[in-house]
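Position 303 (the sequence shown) corresponds to 303 in full-length UniProt numbering; numbering is contiguous.
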Amino acid sequence: MTTASTPEQLSREQRESLLYRLAQDYRDLNGTNVEVWTHTPSPIEFARIVNVARPVLFRNTPNANELPALTKWTDDRIVTVMGNRKLSIAVTPNGRADALHTLPNGTRYFVEPHTEPMTMQELFQAIKKSEQDASSEVYYLQSQNGNMYSAADFESGSDHASNSELCPELLSDVPREIPWASEALGRTPDAVNIWIGGSRSVTSVHSDPYENIYSVIRGSKHFTLLPPTEGYTLCEQRVPHAKYVRPTPSSPLEIEPIPDSTVRWAEVDPTVSSIPNTEVGTPLRVTVRAGDALYLPAGWWHHVAQSGDIESGICIAVNWWYDVEMRGMTWTWMSFLRRMGAPDGEGDEEI
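In structure tokens, the structure reads:
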């Protein structure tokens with residue numbers, strides 16, 4: 001009887017050969033387009049979309065009645081209702097938070113942003129300065145920790161957001177959940193997040209174990225996408241962990257290593273690299289404008305850039321993260337693909 005090989009028993013060349021064939025088959029069957037809908041899906045329609053597990057762009061969904069923030073969130077209103085309330089703002093020298101950076105000595109680190117408390121007025125002023133001065137630091141509200149609503153808010157049954165950084169007046173302009181998504185998925189969101197920044201803020205390529213509904217309120221978001229079958233082309237590596245710090249209130253940011261900590265992260269930037277002479281590794285690209293929403297399936301790799309609005313150069317978006325269904329094949333496939341594409345010696349790592 002032949003003993004089956006585990007991923008870590010295969011050479012990298014063997015794994016990449018198998019993954020390439022799988023990725024090519026997926027491309028042949030599914031194409032390279034992002035489907036566009038011009039109407040809001042019903043729960044049944046969205047359930048079918050989730051079953052196919054490909055991104056879909058919804059034009060003018062949700063509308064202003066469903067998402068009042070689309071018409072109400074001007075600079076003046078946001079600043080006025082937030083007043084002196086502080087938010088946790090990510091700060092970087094160049095807009096690349098949670099990304100790989102190479103130090104002068106050649107060591108490459110995964111670097112988290114520095115965080116500073118700021119009022120909304122201070123944040124808007126900092127973003128506008130950053131847009132006008134390419135040498136200035138970049139500020140981005142991107143805490144992605146349920147900074148609007150968290151799973152605990154749904155579990156408690158309360159109408160209030162227990163840990164939100166936003167005031168109730170702004171929270172009331174964004175629905176706690178997307179009704180057709182919640183009904184189709186049979187659950188409420190695990191987290192609802194707000195994102196506020198300018199054109200210099202970039203999210204490096206990564207994947208999330210969530211079904212994601214991403215809605216733009218002001219400006220535009222530019223997504224570069226790869227299916228889970230092509231994650232191996234991004235060449236994830238285990239790198240040392242670090243963070244930006246500001247030694248004194250007036251000093252520039254510095255990179256400070258975090259002892260005995262590493263992070264697995266993608267080495268390849270899909271906006272500039274692909275596998276030569278093949279469609280595999282060539283990303284899909286989609287722009288999500290104000291009033292649009294993108295369904296991003298669990299496990300899809302995405303790099304995100306953004307453009308601010310005409311009014312003030314600011315981009316605002318919200319997203320609803322729903323836990324992926326653990327039963328069936330989705331989670332199993334995601335785990336398998338991650339193990340097959342893992343750096344040598346890390347085949348058993350969880351997603």
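We treat Cβ as the ideally placed atom computed from N, Cα and C, and that holds for glycine.
Pairwise C-alpha distance: residue j and residue i
{"i": "residue 219", "j": "residue 246", "result": "30 Å"}
{"i": "residue 35", "j": "residue 267", "result": "29 Å"}
{"i": "residue 143", "j": "residue 190", "result": "15 Å"}
{"i": "residue 327", "j": "residue 134", "result": "47 Å"}
{"i": "residue 70", "j": "residue 167", "result": "17 Å"}
{"i": "residue 176", "j": "residue 192", "result": "7 Å"}
{"i": "residue 338", "j": "residue 232", "result": "8 Å"}
{"i": "residue 140", "j": "residue 297", "result": "24 Å"}
{"i": "residue 178", "j": "residue 330", "result": "22 Å"}
{"i": "residue 151", "j": "residue 320", "result": "11 Å"}
{"i": "residue 292", "j": "residue 105", "result": "44 Å"}
{"i": "residue 81", "j": "residue 41", "result": "33 Å"}
{"i": "residue 301", "j": "residue 225", "result": "6 Å"}
{"i": "residue 28", "j": "residue 56", "result": "18 Å"}
{"i": "residue 1", "j": "residue 343", "result": "Residue placement at residue 1 cannot be trusted, given a pLDDT of 49 that sits under 50; what the coordinates show is reported in the next sentence. If you take the alpha carbons of residue 1 and residue 343, they lie about 29 Å apart."}
{"i": "residue 173", "j": "residue 318", "result": "11 Å"}
Where residue i falls, given that 16 or more other Cβ within 10 Å makes a residue buried
{"i": "residue 9", "result": "exposed"}
{"i": "residue 97", "result": "buried"}
{"i": "residue 130", "result": "buried"}
Cβ-Cβ distance between residue i and residue j below 8 Å
{"i": "residue 23", "j": "residue 230", "result": "yes"}
{"i": "residue 88", "j": "residue 165", "result": "yes"}
{"i": "residue 148", "j": "residue 196", "result": "no"}
{"i": "residue 286", "j": "residue 336", "result": "no"}
{"i": "residue 324", "j": "residue 211", "result": "yes"}
{"i": "residue 137", "j": "residue 91", "result": "yes"}
{"i": "residue 207", "j": "residue 299", "result": "yes"}
{"i": "residue 227", "j": "residue 20", "result": "no"}
{"i": "residue 30", "j": "residue 59", "result": "no"}
{"i": "residue 121", "j": "residue 79", "result": "yes"}
{"i": "residue 313", "j": "residue 49", "result": "no"}
Neighbourhood of residue i by C-beta, 6 Å cutoff - its chain only, sequence neighbours within 5 removed
{"i": "residue 288", "result": "216, 221 and 294"}
{"i": "residue 117", "result": "86"}
beta-carbon residue i near the ligand COA non-hydrogen atom, thresh 7 Å
{"i": "residue 268", "result": "Absence of the ligand COA from the depicted structure is noted, as is the absence of any ligand whatsoever, leaving it without description."}
Own chain residues within Cβ distance below 7 Å of residue i, not counting five before or after
{"i": "residue 262", "result": "238, 239, 240 and 241"}
{"i": "residue 64", "result": "70 and 71"}
{"i": "residue 111", "result": "99, 101, 242, 243, 244 and 255"}
{"i": "residue 280", "result": "20, 23, 24, 27, 230 and 233"}
Could you pull out every unbroken beta strand (DSSP E) segment of at least 3 residues lying fully inside the segment 164 to 225, listed in chain order?
191 to 197, 202 to 207 and 210 to 218
Which parts of the segment 5 to 39 are runs of the alpha helix (DSSP H), unbroken and 4 residues or longer, counting only runs that do not cross its ends?
12 to 30
Could you pull out every unbroken beta strand (DSSP E) segment of at least 3 residues lying fully inside the segment 55 to 142, listed in chain order?
56 to 58, 87 to 92, 99 to 102, 108 to 112, 114 to 118 and 138 to 140
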